[in-house]
Each structure stands twice: as structure tokens, then as C-alpha cells.
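In what follows, a structure is listed as C-alpha cells, so that the remarks can point back to it.
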């Protein structure tokens, strides 16, 4: 039986929503750090614009709701038939009133026109390209995980162009770009521009605290601006039904202070760590023998690696596996969270290994997460021995 | 298409107001004794054709969206415009013979009716034969149904049209047989007219398809 | 199939003795037609719009049970976080089947049940324009629905969602036969729906009783007419989409093959060009039902009839210009998004007009809160909530936070369950006596209403919160620690309360029927509610021939105007009792469309062809042969059999003028009785 622990439980919450009262009403009970995916917690300018509009809409809707619902109930009470009524006496047979009709046609139209003005301006506002300074990240949906490609040198090619199915030739600038899986790292306070794509079916990329969702459609590129006001860890979930494990396709965004982000970029550009212990060396061998047909550890697979045996043609890039907080579509924690918040925040990565979960995954992936490996959609059970699993864990956790 | 909720006109309802003098209430709504002045059958055919417009609309839109998206053989690698122009002309001529058939039964001329029905069906059959030939030659040139986006969209669109023409031919031949056995007389002229509506519609759709698919680059 | 011999009765002879109207089609029949009014055969081969309507309702309730059980399975799985009662695969089949079943096999057919039963009665016709095509529509729906549901036993149900976005529905991503059943099943059901649209539009336009102009038609008939026009133009679009999907899956076409260069947005556009009008297709008949019930129990005419009608037509038109609001996150350009956002907002205007007109109808009335009235008020209040959340989707930026979350699930259940289903259940209670000749018990009805209202709000109210708190829809499980636990549990409890409320409903049907067997049971008569429109002007249950005499209509609410008049000092007084005005339904010898074998046989061929396409082309050929045979038989059979279908042909025709009902049946005569009262209009 499958039983999963949440990969990331809490995120830091700083800003109060515009409408604390409505927020409370919606939240029901419990503090806000127990609602990590709420749309009422805007942590960036785009989400902020949307939340303002949502609140305006909800207030207007609430007013209409109260007027209509109580209106109906009042009318029902006021005009109820009473026991002492003459059953043969009829009320006035009123057929209508044209002025009234025109009035209550026009009034909602005017109210909605008001809302439409704000809506259209927000739509155009949110669609704006943040310009050259923005960090550009290609977000690619796969069944059932996300990969993120960074064009660090700004030459327009991405690190994974050689392993996808688009037939672009392998760029010489390969070494200057980054490909990561499951967790996206962005600089806080700086605009980020996402190019959203998919390698198989339609997915949808959604980090509620930062912006609304945008579908990842195979064969198309969609753009989405994103910016986190402050450093923090934000989570989201695929929101376009994408088959078997749709519920288990999640994403984590770490927003870092710009200096830390730059350091992270340098770390990721560095080649994969060399094995230092015999155990790790044994793990490398297992990796090359069993994992390297699908997974990429740059420099280990070699030049002839030409994509995974998957419908999508891709499996997570593991070059810097240990620098991430979660794996398998971000549904499993890779590290224990030290503060007991059940979330792997940035400062907890590299702490105590969540060994049991990682081993369980290597032992039998389809038993841990719904996948269809027989149809080349998801990771198969490789039948690794316990010794192989131990050395593989040692190797993978050395890939920082 | 000849279904009606029938009531025997021999039965008489109660006293009717002046403006309904002589009107048989029990057959109200049947024949042209109704609000639109069209019989149910004819109105039904018009409605169906309205619906069919959307069917071809969706198919044509699909074709327009897909024809240039794929790789490989494209529309103008295979089209033989002169050939298709001739078969289009044949189909258009069948509309004319259909008009003659309708007017023949309206005047009660059974022999002429059969002649024109047969001519219409033959012209339609010629068109279908041309389509079969066209498909075969495209296939020989390497354009199978599954070859690319253009081929799937093209064969589906023109195939649906061909199916409509074929159904029309079956209806025409049924009328021919009915007339031959003496069961299609002047009093059922409307049946021929309704089939004619369908036939003209299918022709007009072909004019559209021919223009959009073959002629516009 | 057994050929039923036509019984030779005196009745037939009696008619033949008269001036027999020979049909030129007589010689055409090559097979004998089914005959008779009783027994199971009379249902299988019936072309009577009332029987077809009842069968539509019964079949829809059967599928409602299936869809409801699927819903309960879904809610049980989601009752607590991290549950694994059913696998993700089964869950995905479950929500797909639930959605498709409830939309195509429950809500639309219940609408069709009311439309079939009521339209001819409300416009004063004996039947629909094409009775055999009507039978075809029903059987094709039933067989298509059964075909679709057999997927459970033939390799698993469809798992692509009712919206079936490409390319997740391609063979690569959905290798089971489920999506084949989806594409072919809905296609089959769609043929019947399209035929029904042609049929009912022709009926509304052509078969109205003398004097019943379009603007005298009851609002229900009007809303049905708009619905049928929507169907007429929406069904071919989904039909094309499903053909493309079928060709892709079965014949390896490339329509949604991204590797070959296809654009998955093609499916999205085709689907929603159908899918949004579909929303109004489901709700408009419900609006019509409520517009019939509220005036009766307010004892007032509908307020602003013209505005009710025109707002319905406006929704019908605007419904075609808003489809892409389902696609705000799909990557359309900002200009399209803005345009569809604005158009979507303004479709709320005509809907709001309807709500306000219902309230105005109640205003100043004398309201009695019978079960149908409670359900109608239920629609007004619950649909308002769904309408308001709908406006919040029109705000496109907000929608990017809400779409594909449980907020959407809440929204469309408030419009479809809180709207359509509340109205239809109200309609069941309202027209039950007309269809079956007995009233459903009021106390149980009220239990049903309050339980359903409670369960409904417990189930779908919390989903607003869940969605705004970020719970995506179509997920088979969710993690603890996201704040989803409590509200999911509440929703699950609510779902079981809804189930309980429907047990009360079915129990009510049973015990109310049992009551009729008791000594001293009094039939409700033709007009138990003091109603307004002419379907109440004939006996209950409705006789096979509907009306003894086609009524001549001079007013909207014709029946009411025959019962009530205005005195010189402008007081409304009753001038005739319902029983005096209503026809007795005892007339014999009315000539009706004859039953036929061909509709059901024709429909039986379609699932065969469907199974064949999926499993073995041989079956398709067999199905094709049956299809051609049935078409041949159909074409050879005269539509109108002068010998068949007489209802209770036991005696000679009553002579005109000697039937006391005639006096009341025409306004010329009724006018005499009204001399002391001037009619109000």
C-alpha cells in the first residue's frame, strides 16, 4: 500500500491578505502556515495583482449574494400564504414592469463593466514581458515531474536541448547552462521569466504564492512572469490532469537572496562530484550500469547518451541530486527537516538524510508512486540488491 | 424523413371560432396546416442541414489549422486541379438535373422524373468515382491516411463529404425505385423536393471545400 | 424478434365503417406493425412521446444511481488524506465516468424526459413531429449509455476526464480501451440528441395548437426550444472532435499527434465550442421547469414573460461566444483572454434577469411551499451561488488561480446540481400526478428537499474553500498538512446525506404508489395544483391521445384564463372549476402514430458497430448489416398507419356537439360562460 509523507509542509508567510476577515472565513480553522498552497497568500507582484482582483470580485459577489439570498428568503416569508387567507382570493395578477426589467438588466451590466475594466487591465499587465534583465528559465513538464533549464550565458540554448526530442543539435555551450529537476531555484526580488513547455501531455505549472497557473502544452511555449518579493520556499502542484500520477506531480520553488542565488548557479555549473569513498565508487558503478540509460549525471554518462527510455525522452538530471530538497516529482523529502516543520527548506538541504524514503524508492519505485513503467512512463523496478541500494545512496548523496 | 404525428382528418373537433372555420383541428400541425407553412419533413431537413453546416465548419477549420503544420507531402504536391475541376463541374451539373427532377414530379411527369433522378445519381456517382480515383492516385504517390497531419485532415474532410454524396445517391436511387413501382406520384412531390434540398446542400458544401482545399494556396 | 399480430377488434371495424382515409403509403409496409397499448412490447416499440419521456426519466434515474455510486466512491477515497482505498488508475476512471455519466446520461436526458413529455402537451399537440425518430433518440441514448458503461467490464473505463484533453487521450498515454468507449459512446448518444433536436424544434415551430403564437408558449417550452437550437449546432462540433479522436486511436490518424506537428489546443477549442453551449443545454430546461412551478405556487403569472423569453434567447446566443473562458490558463494570447473574459462577464446579465424575475414573480404572491416550490426556490438560491462563482471565473487573472482546483468543482456543481438537478427533482414532484395519476407524499418530499439541500451544501460548499486553498481537482489523493483534511471530510459526509435524500425520494415514489392501492384513495384529478398551462387541461394520467380536442388558445396561461375571470370591479374570481374546464380524456378513436420495430432495432446496431471498432471488425460488419436492414424496414414502413395505434377503439366516434367537453374546449363556447366576467390580459 502506498503511503506518502508530504515533501514540504510549510512555507513562510509574511504578508496578510487584503481581507483578513474573508481570509479567515475561507481558511476555516488552523493557522496559515498549515495552508501552504493557499491562493490567499501573495508573495510576489503577480500574485498580488491577482489577489487584489480576486478580493474585489469576492466582495462584490458577497454583496450580491447577501442581497439576493436574503431577498429571496424575505420575499418567501413576507408573501407566504396564511391559514386565514381566503383560498379563492387571488393576489394581483401582475405580468411585469418594463422599467424595472430594463433597470435590473442595466444595473448588473454596469457593475460588471466596472469589473471588466479592472480585469482587462490586469490581464494586459500580467502578460507583459519583464525584459532582458529577467532570469529566464525553461520549465518543462514530464509525466510526472518537472525539469528546469537555465540559460546562464544567455546564448539562447539550454542544457537539455540535446536530450529532448526536438532535434536541436547539441550546443557547444553545453557546459555553461544548468539543468535541474523537481526544484526550481530563483533569485528573490528579481523578475523571472518562465518558458513553459511539455514533453508529453498537457501539464500546468502553478505556484499559487507567486502567480496563477499556465498550461505546459507539448509543441508550444507559454510564458509566465514570476517574482518572489522575499526569500522563501514556495510549493505548487500540477493542475492540468496529466494521467495516472497527476496528484503526485508537484513543484518546489526556493527563492534565494541574490548573492546566494549566484553561488548556487556556480555550484550547479561545476561538474558532478567525483566519488571519494569506495562505497561511493561502487555506487557510481551501479549508476553507470543501471541508471545511466535514463538519468544523466553530466560527465558520467558520456557523449553518447541520447535521452531516456521514456515517452517523454527524459528522466531527471541527477548531476547535483543532493543539492535538492525533494525527489520523485517533489513528493518525497530527501532530507529530514530539522525544525520539525515537515518541510525541507533551503537551510535544511544537506542535513540529515531521509534515508528510509530514498532506499524505499530505489527498492521499488512503482510501489511508492503510481507510474506506468511498462508503457515507458515512469521509473521501473530495477530489482537492485540491498548492497547496490546502499552504495547508490552513498553515491547520490555525494552529488552536492 | 417522412414521419408525422398523424390524425385522421375525417374526425371533427368541437365548434371552432370563425377564423378556424373549415380547419380540421385534429390534423392541426400536420401538412402545411401550421405556423411555419413548411411541412414537418421539410422543416426537419432544413434544421438538419443547419446542423450539418457546423459539422463541415468544424472539419474545414480542422483542415485549415492542420494542413501546413506537418512535415512531408503537402496539398499542392498531389492536387490535380484540372481533374478535380472537372469532377466538381460534374457535381454542380447534378444540382441542375435535380432541379429538373423536382419540377418533373411537380408536374406529374413520372418518366421525366425517373430520367432526371437517374441522371442526378449518375452524375453523383461519377463524382464519387472521381474521388476514389483521386484518393488512389494520392495513395500511390505516398500520401496515406496516416502519413501526416495534412493527409489525415484532407482524407477526413473530403471523405465525410463523399459519404454525404453517397447517402444522397442512395436516396436518389430509392426514389427512382419507388417511382418505378408506382409509389412515388405527384402527391408525394415534396419527398423529392426534400431529397433535392439535401442534394443541393451537399453540392454547395463541395463548392466551399473545392475553393478552400484545392484552389486557395 | 417476434412479430406481433394485430388483434382484430370491433374498434377497427368501427373506424373502417366510416369514411376511411386511405393513405397512399398503404402498400408500402412489408412487415406488420406492432400493435396494442399494454405489455412490455408496447413500451419497446412505442412512439408515444409520453412513454418515451417516461422511459427517458427512468433510464436517467438508473444512470443517476450509477453516477451517484461513482461519486460516493470518489468521496470515500477523499474522506481523509493519503488514502489508498482505490488505485490512482481506478480513481481516474471513476471521476471520468462520473462526469460523463452525470452530464450525458443523467442531466441531459432528464431534460429530454421533461421536454418529450411536456412540449406536445404544453403546445396542444398529439405527439411530436417525428414520433419514430423520437423513439430512435431514446433508444440510441439508452444503448449508447449502456455501451459506455460496459467499459467497466471490458478492460476498464475511460481515464481521460470528461474533457479528454489531447494528447493524454492518445493510445500512448491511455492504452486501455476506455477512451475508445468514451469517444464512440458519446458519439452514439450524440446521434440521438441531434435527432431529438431536429424533432423537438420542428414540433415547437409547427405543431402548436391554433392560436398559440410563439409568445404564448409556456416558458418551459421556450427554454426547451432554445436548448434544442443549442444542441442542433453544438452536437456536430463535438461529433467532429470525437470522430477525430476515434480516427486517431483506431486508425492511427495524426490529428492530435504532437510529434507530427499537431496542436493540442485544437481539441480544447473544438471541445469547448461544444462544451460551453452544453452548460446552457443542461441548465435551460431547468430554468424552464422553475418558470412553470414558481408562478403556480405564487398564484401569479410569471413576471416579465417577454424578458424571461428574450433573456433565454440571449443566453443561447451569447453561449457561443464564451467557450474560451475554460482555457484562460491554456496559453491563449492576452487579447483573446481579455475578450473572452468580458464576454463571459456579460452572459451573467441575462442570467441575473431570470433570477430577479423569479423573485418578482414571488413578490406579492400567495406562496405555498409545496415540495416542487421548495425545490424551485432551491434552484434560485443555489444557482445564484454558482452564478456568482462563475463571475469570479470570468475575471481571467483570478481564474488562473482558481481553474482546475476544487473551486471549479464547487462552481459547476452549484449550477448543475444546485441548478439543474434541484429544478428537475422539483419538476418530478410537480408533474408526477400528470404522468402517473398520483401525487407523491408531501412530508416525504419535504424530507427529501431539506436533506438534499443540507447534503448538497455540505458537499460542495467546502469545495470553494478547498479550491481557493489550492487543492487541485482530478487528484486521487492529497497530503495531510495542507489544510484540506477537514473540508474533505465534511464534503464526504455531505455526499452520503445526498445519497440518503435520494433514498427518501425512491421510497416516496414507492409508498405513494402503494397508497393508490388502498381503499378510499382519491385520485388527484386533472389539476391538483391549480396550475396555469394547458397540459393540466387534460386528464391525469395523460390519456394516450393527450387531448380529446385540440384546444384553441387565446391566452398565455390558457388553462388559468378558462378558470378565472375578472369582475367589473377588477376582482379576480373563479368562473369554472378545474374539472369543468379540463377534458376528461375519454374520447376514443383518435388516430395516433403507430408503434414501430425499427427505431429500437436501428439503435441496437450502433453499439454492435462500436464494439466492432474496438475489438473485432467482424462485429462492425454485423452491426452494419443490422443497421441497413433496420433502415430499409424503416423506409418501407409508412409513417402513418391508418389501421394502427387507435387508443381504446371500442366504440363509434362521439358525435360533435354531443360531447360535453366540447363546450369547454373552445373559447367560442367558453366565452358564453364568461359573459359576466371580462377576461384579463
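Residue numbers (our numbering), protein chains in the order written: chain A, 1 to 400; chain B, 1001 to 1217; chain C, 2001 to 2681.
Here a beta-carbon is modelled for each residue, glycine too, at the ideal position from N, C-alpha and C.
Query - Residues near residue 2524/C by beta carbon distance below 8 Å, same chain, minus five either side - result: 2433, 2437, 2438, 2439, 2540, listed in sequence order.
Requested in this report: Identify, in the order they occur along the chain, each residue of the same chain with its Cβ nearer than 7 Å to the Cβ of residue 358/A, setting aside the five sequence neighbours on each side.
Outcome: Contacts found: 334, 393.
**Report entry** Which of helix, strand or coil DSSP assigns to residue 205/A
**Finding:** Strand, per DSSP.
**Report entry** DSSP-derived helix/strand/coil call for residue 145/A
**Finding:** Reduced to three states, the DSSP call for residue 145/A is strand.
Report task. For residue 2472/C, write down the residues that DSSP places opposite it in a beta bridge. Result -> According to DSSP, residue 2472/C bridges with 2405/C.
**Report entry** Closer than 9 Å to chain C by CB, residue 1052/B
**Finding:** Yes, because at least one Cβ of chain C sits closer than 9 Å to the Cβ of residue 1052/B.
Report task. Could you tell me whether the segment 2305-2312 of chain C touches the segment 2392-2405 of chain C, using the rule of 3 or more Cβ pairs below 8 Å? Result -> Output reads no: the segment 2392-2405 of chain C does not touch the segment 2305-2312 of chain C.
**Report entry** Three or more C-beta pairs below 8 Å linking the segment 2157-2164 of chain C and the segment 2083-2096 of chain C
**Finding:** Remark: three or more beta-carbon pairs, one from each stretch, lie closer than 8 Å, so the segment 2157-2164 of chain C and the segment 2083-2096 of chain C are flagged as touching.
Query - Residue burial classification, residue 1238/B (beta-carbon count within 10 angstroms, cutoff 16) - result: What is shown of chain B runs 1001 to 1217, which leaves residue 1238/B out entirely.
Requested in this report: Compare the C-beta of residue 1048/B with all C-beta atoms of chain C and state if any pair is closer than 9 Å.
Outcome: Flagged as an interface residue toward chain C: residue 1048/B, by a C-beta distance shorter than 9 Å.
**Report entry** Separation of residue 2064/C from residue 2134/C, as counted between CA atoms
**Finding:** Inter-residue distance for residue 2134/C and residue 2064/C is about 22 Å (C-alpha atoms, whole angstroms).
Query raised in the report: Within the 9 Å Cβ cut-off, does residue 1071/B reach chain C?
Result: Judged by the 9 Å Cβ criterion, residue 1071/B is in contact with chain C.
Query raised in the report: Anyone know if the C-beta pair for residue 129/A and residue 151/A falls short of 9 Å?
Result: Not a contact, by the Cβ cut-off of 9 Å.
Query raised in the report: For residue 2243/C and chain B, any beta-carbon pair shorter than 9 Å?
Result: Answer yes: the Cβ-Cβ gap between residue 2243/C and chain B drops below 9 Å somewhere.
Report task. Determine the closest residue to residue 2167/C out of 2103/C, 2257/C, 2274/C, 2515/C, with distance taken between C-alpha atoms. Result -> The option with the nearest alpha carbon to residue 2167/C is 2257/C.
Query raised in the report: Within the 9 Å Cβ cut-off, does residue 1088/B reach chain C?
Result: Interface with chain C (9 Å Cβ-Cβ cutoff): residue 1088/B is excluded.
Query raised in the report: What residues in its chain sit with their C-beta under 7 Å from that of residue 1190/B, if we drop five residues either side in the sequence?
Result: Excluding positions up to five away in sequence, the list reads 1039, 1041, 1042.
Query raised in the report: Can you find a CB in chain A that lies within less than 9 Å of the CB of residue 2070/C?
Result: For residue 2070/C, no Cβ of chain A is located within less than 9 Å of the residue's own Cβ.
Requested in this report: Specify the secondary structure class of residue 2557/C as computed by DSSP and reduced to three states.
Outcome: DSSP, read as helix, strand or coil, puts residue 2557/C in coil.
Report task. Grab the span of the alpha helix (DSSP H) containing residue 235/A for me, first residue to last. Result -> According to the DSSP assignment, residue 235/A belongs to no alpha helix (DSSP H) but to the beta strand (DSSP E) extending over 232-237.
Query raised in the report: Under the DSSP definition of a beta bridge, which residues are partnered with residue 181/A?
Result: Note: residue 181/A sits in a beta bridge opposite 147/A.
Query - Residues of the segment 1095-1109 of chain B with Cβ closer than 9 Å to any Cβ of chain C, in chain order - result: Going along the segment 1095-1109 of chain B in chain order, one finds no residue with a Cβ nearer than 9 Å to chain C.
**Report entry** Outcome for residue 2620/C when other beta-carbon atoms lying within 10 angstroms are tallied against a minimum of 16
**Finding:** Label assigned to residue 2620/C: buried.
Report task. Report the three-state DSSP secondary structure of residue 2134/C (helix, strand or coil). Result -> Here residue 2134/C sits in helix by DSSP.
Query raised in the report: Which ranges would you report for the alpha helix (DSSP H) in the segment 2086-2114 of chain C if only whole runs of at least 4 residues count?
Result: Counting whole runs of 4 or more residues, the segment 2086-2114 of chain C contains the alpha helix (DSSP H) stretches 2088-2100.
Query raised in the report: Below 9 Å between beta carbons: does that hold for residue 2355/C and residue 66/A?
Result: Result no, Cβ atoms of residue 2355/C and residue 66/A do not sit closer than 9 Å.
Query raised in the report: Quick one: is residue 258/A buried, meaning 16 or more other Cβ sit within 10 Å of its Cβ, or exposed?
Result: Residue 258/A comes out exposed.
Query raised in the report: Smallest Cα separation from residue 1144/B: which of 2042/C, 2254/C, 2059/C, 2040/C?
Result: For residue 1144/B, the closest alpha carbon among the candidates 2042/C, 2254/C, 2059/C, 2040/C is that of 2254/C.
Query - Whether residue 1159/B touches residue 1128/B by CB criterion (9 Å) - result: Against a cut-off of 9 Å, the Cβ pair of residue 1128/B and residue 1159/B comes out as no contact.
Query raised in the report: Which runs of the beta strand (DSSP E), 3 residues or longer, sit entirely within the segment 239-276 of chain A?
Result: For the segment 239-276 of chain A, whole beta strand (DSSP E) runs of length 3 or above, ordered along the chain, are 250-256.
Query raised in the report: Which chain C residues sit within Cβ distance under 8 Å of residue 242/A?
Result: Those within 8 Å of residue 242/A in chain C are 2168.
Query raised in the report: Any Cβ of chain B within less than 9 Å of the Cβ of residue 2273/C?
Result: Interface annotation, residue 2273/C: in contact with chain B, CB-CB separation under 9 Å.
Query raised in the report: Sorted by chain position, which residues of the same chain lie with C-beta nearer than 7 Å to residue 260/A's C-beta, five sequence neighbours on each side aside?
Result: Closer than 7 Å at the Cβ level, and outside the excluded window around residue 260/A, lies no residue.
**Report entry** Which of helix, strand or coil DSSP assigns to residue 2479/C
**Finding:** In the three-state DSSP reduction, residue 2479/C falls in the coil class, being neither helix nor strand.
Query raised in the report: Where in the segment 35-110 of chain A do unbroken runs of the alpha helix (DSSP H), each at least 4 residues long, occur, reported from the N-terminal end onward?
Result: As far as the segment 35-110 of chain A is concerned, its whole alpha helix (DSSP H) runs of at least 4 residues are 45-78.
Requested in this report: For residue 173/A, I'd like the list of residues in its chain whose CB is within less than 7 Å of its CB, leaving aside the five on either flank, ordered along the chain.
Outcome: Note that residue 173/A scores 49 on pLDDT, short of 50, meaning its location in the model is unreliable and no value can be drawn from it.
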